[in-house]
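The numbering used here numbers the first residue of the sequence shown as 265 and each following residue consecutively. For every residue, glycine included, the Cβ atom is placed at its ideal position computed from N, Cα and C. I have placed the structure first, in the form of structure tokens, so that the comments after it can refer back to it.
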Amino acid sequence: MSDLNHIDNKPRPEASENLKKLIIRAQRVLDGNYQSGHTVPSAGLYPHQVLWDSCFVAIGRSHYDIERAKLEVISLLNAQWSDGMIPHIIFSNERRYFWDRQIWRSWVSPASVKGLATSGISQPPMLAEAIVRIGRQLPLPKRLAWYKSVFPRLSAYHLWLYKERDPRSEGLVVQLHPWETGLDTSPPCISELQASSWPSWLNIFDIPLIDKLGDSLRVDNKFVNKGERASNSEALALYILLHRIRHRKYDSLTILKNPSFAIQDISYNSILIRANNLLDEIAVTIRANLPKELQRHVGKTSRALDSLWDNDDSAFYSREYTSNKLIKELSIGSLMPLYAGTISHERAAALVKMLEDKDNFGVQFPLPSVPTSSHWFSRDRYWQGPTWVNTNWLIIDGLKRYGFHAQARVLTLATLDLVNKSGFYEYFDPKSGTAHGANNFSWTAALTIDLAYSLKSK
Ligand code: GLC
Numbered sequence: 265m266s267d268l269n270h271i272d273n274k275p276r277p278e279a280s281e282n283l284k285k286l287i288i289r290a291q292r293v294l295d296g297n298y299q300s301g302h303t304v305p306s307a308g309l310y311p312h313q314v315l316w317d318s319c320f321v322a323i324g325r326s327h328y329d330i331e332r333a334k335l336e337v338i339s340l341l342n343a344q345w346s347d348g349m350i351p352h353i354i355f356s357n358e359r360r361y362f363w364d365r366q367i368w369r370s371w372v373s374p375a376s377v378k379g380l381a382t383s384g385i386s387q388p389p390m391l392a393e394a395i396v397r398i399g400r401q402l403p404l405p406k407r408l409a410w411y412k413s414v415f416p417r418l419s420a421y422h423l424w425l426y427k428e429r430d431p432r433s434e435g436l437v438v439q440l441h442p443w444e445t446g447l448d449t450s451p452p453c454i455s456e457l458q459a460s461s462w463p464s465w466l467n468i469f470d471i472p473l474i475d476k477l478g479d480s481l482r483v484d485n486k487f488v489n490k491g492e493r494a495s496n497s498e499a500l501a502l503y504i505l506l507h508r509i510r511h512r513k514y515d516s517l518t519i520l521k522n523p524s525f526a527i528q529d530i531s532y533n534s535i536l537i538r539a540n541n542l543l544d545e546i547a548v549t550i551r552a553n554l555p556k557e558l559q560r561h562v563g564k565t566s567r568a569l570d571s572l573w574d575n576d577d578s579a580f581y582s583r584e585y586t587s588n589k590l591i592k593e594l595s596i597g598s599l600m601p602l603y604a605g606t607i608s609h610e611r612a613a614a615l616v617k618m619l620e621d622k623d624n625f626g627v628q629f630p631l632p633s634v635p636t637s638s639h640w641f642s643r644d645r646y647w648q649g650p651t652w653v654n655t656n657w658l659i660i661d662g663l664k665r666y667g668f669h670a671q672a673r674v675l676t677l678a679t680l681d682l683v684n685k686s687g688f689y690e691y692f693d694p695k696s697g698t699a700h701g702a703n704n705f706s707w708t709a710a711l712t713i714d715l716a717y718s719l720k721s722k
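The structure is reproduced here in structure tokens:
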């Protein structure tokens, strides 16, 4: 165990020196990924602005560069579609990314922003959290001005989520593509994709020669080992689904009449509940009212989230939208109701037990994105096992709000230790701590800064 693990035991000067060094290294990563007005997730593999990545970046930056933290958020808001959606990718307009923009063709939707190429779907609503984290660093007059400047667009975004993504008015919003969950290849997403929109010919990728051919067409494999990313068949299924959504001009209500893929993701909806509470905090601070229509929906979500609890398994799951069936595959998303903060203390305690259990999420370098006992578990493949810093951060935040301070501290130290030892990578082997995915990854750096500050301010 490194020195970082002793930080909380007491103010040992070398421990806080190590923290300081870690913060400086993290700032260097973020500043290296900064590109006039926003920060890219990782210069080679992800060269465009990405919605929830930028929210995490803003949270990290709020500690040391408030102006750039604000710019990060403003750049996202400037890409908001006229219907309120905030797209999950805002493309660089460099010529070399012509095909990235063409694959999405956001201009097929009349709601898209003219002259700005984006994706046509969204991502977990972390924006309210980013805005509030920035606000809390500002003196009151500046905080009020900041909140007032963003409130109308933020509430329009939340309103879009309910109007377009909750047509049955249940309180839970639907994701139309695994990319919307941010946990792209996690077992609930892929198993649902396999069940609903997986053409049988995709299985030809089981033939090694065809699989090799697929490799040669992929760009991501040039940056990261093939075994650490989505498989060729998964990747192609994701693109086929994108094509189907684009064909319907990204119009949610049209797509939902006969969806190829539609889930009420447990993680996304947990984040939405927290976001609604933070939106409310903003409204109270500036003495504004939430739009009436939004007020009507918001109250339902926490009750609806409880309906995703499975009594037999004592676990939360995502749900398939058309059949209303729970997708009984455990993943890190099953722990995310801790971040929502509205489930009962008893259920929160059950999640903490699962989090510490050696057959579930209790590993050497926590928290794995899939429990080790799952048949999906892989030590290095993307969202099917590795440990990610953003999901740790969300769960740490939830643990604190439920009063599980000891567990939150253990996870904070374990996360910082892992990054300190292995570097600012995208994800990590939960058994050995070996780094995987993209290096110099922005949200790993940003959230390291935030976690380090949470220890410093003790
Ligand atoms: C991966 C992640 C997604 C993230 C993106 C950019 O696709 O699954 O959540 O936003 O990379 O970092």
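Own chain partners of residue i with C-beta closer than 7 Å, once the 5 adjacent residues on each side are dropped
i	result
K412	I550
T676	I660, L715, S718, L719
L517	E428, P431
N553	A547
A568	E434, G435, L436
L500	L466
A612	L602, Y666
S729	Since the first residue shown for the chain is 265 and the last is 722, residue 729 is missing from the structure and cannot be characterised.
T679	V653, N656, L715
Proximity to residue i [Cα-Cα], best of the options
i	options	result
N522	Q344, N575, T586	T586
Y298	H352, S356, I350, W410	S356
S637	R645, G626, Y646	G626
L315	G384, S300, D329, G296	G384
G563	A539, R583, A552, I546	A539
E690	L663, N704, A343, T679	N704
Y421	A392, D448, A409	A392
P451	E281, H312, S642	S642
A381	I454, I350, R289, R407	I350
L447	H352, V674, A670	H352
Per-residue burial, residue i [other beta carbons within 10 Å of its own, 16 or more giving buried]
i	result
D623	exposed
N273	Residue confidence for N273 is low, a pLDDT of 47 falling below 50, so the modelled location carries little weight; the figure read from the coordinates is stated next. Exposed, since its Cβ has fewer than 16 Cβ neighbours within 10 Å.
W443	buried
V483	exposed
R325	buried
L711	buried
H507	exposed
N588	exposed
W652	buried
T708	buried
Y503	exposed
R645	buried
Run of the alpha helix (DSSP H) containing residue i, from where it starts to where it stops
i	result
R508	496-511
E620	609-620
S339	330-342
E359	It is Arg, not Glu, that sits at residue 359 in the sequence shown. Run containing R359: none; DSSP gives neither H nor E here.
A604	601-604
K248	Here the chain has residues from 265 to 722 only, and residue 248 is not among them.
V321	315-325
P261	Given that the chain is displayed from residue 265 to residue 722, the structure contains no residue 261 and the question cannot be resolved.
V674	669-686
H312	Counting along the chain, H312 falls outside any alpha helix (DSSP H), and DSSP gives it neither H nor E.
K521	516-521
F415	404-429
L477	472-481
N654	653-665
Q458	451-460
E434	Run containing E434: none; DSSP gives neither H nor E here.
Own chain, CB closer than 8 Å to residue i, minus 5 neighbours either side, in chain order
i	result
D479	N485, K490, N496
D574	F580, Y581, L590, K592
G697	Q628, F629, L682, K685, S686
I330	I398, Q401, L402
R510	W368, R369, V372, G384
6 Å CB neighbourhood of residue i in its chain, flanking five on each side removed
i	result
D475	F469, N496
I607	P601
M210	Examination of residue 210 is not possible in this model, given that the chain is present from 265 through 722 alone.
Boundaries (first-last residue) of the beta strand (DSSP E) holding residue i
i	result
E584	582-584
Nearest-angstrom beta carbon gap, residue j and residue i [assumed within contact, 8 Å]
i	j	result
F692	P635	Not quite, the Cβ-Cβ distance comes to about 16 Å (not below 8 Å), so this is no contact.
S346	G301	That belief does not hold up - the Cβ atoms of S346 and G301 are roughly 21 Å apart, past 8 Å.
L335	V414	About 12 Å; that fails the 8 Å criterion.
L423	L558	5 Å
T445	Y532	5 Å
A322	A333	4 Å
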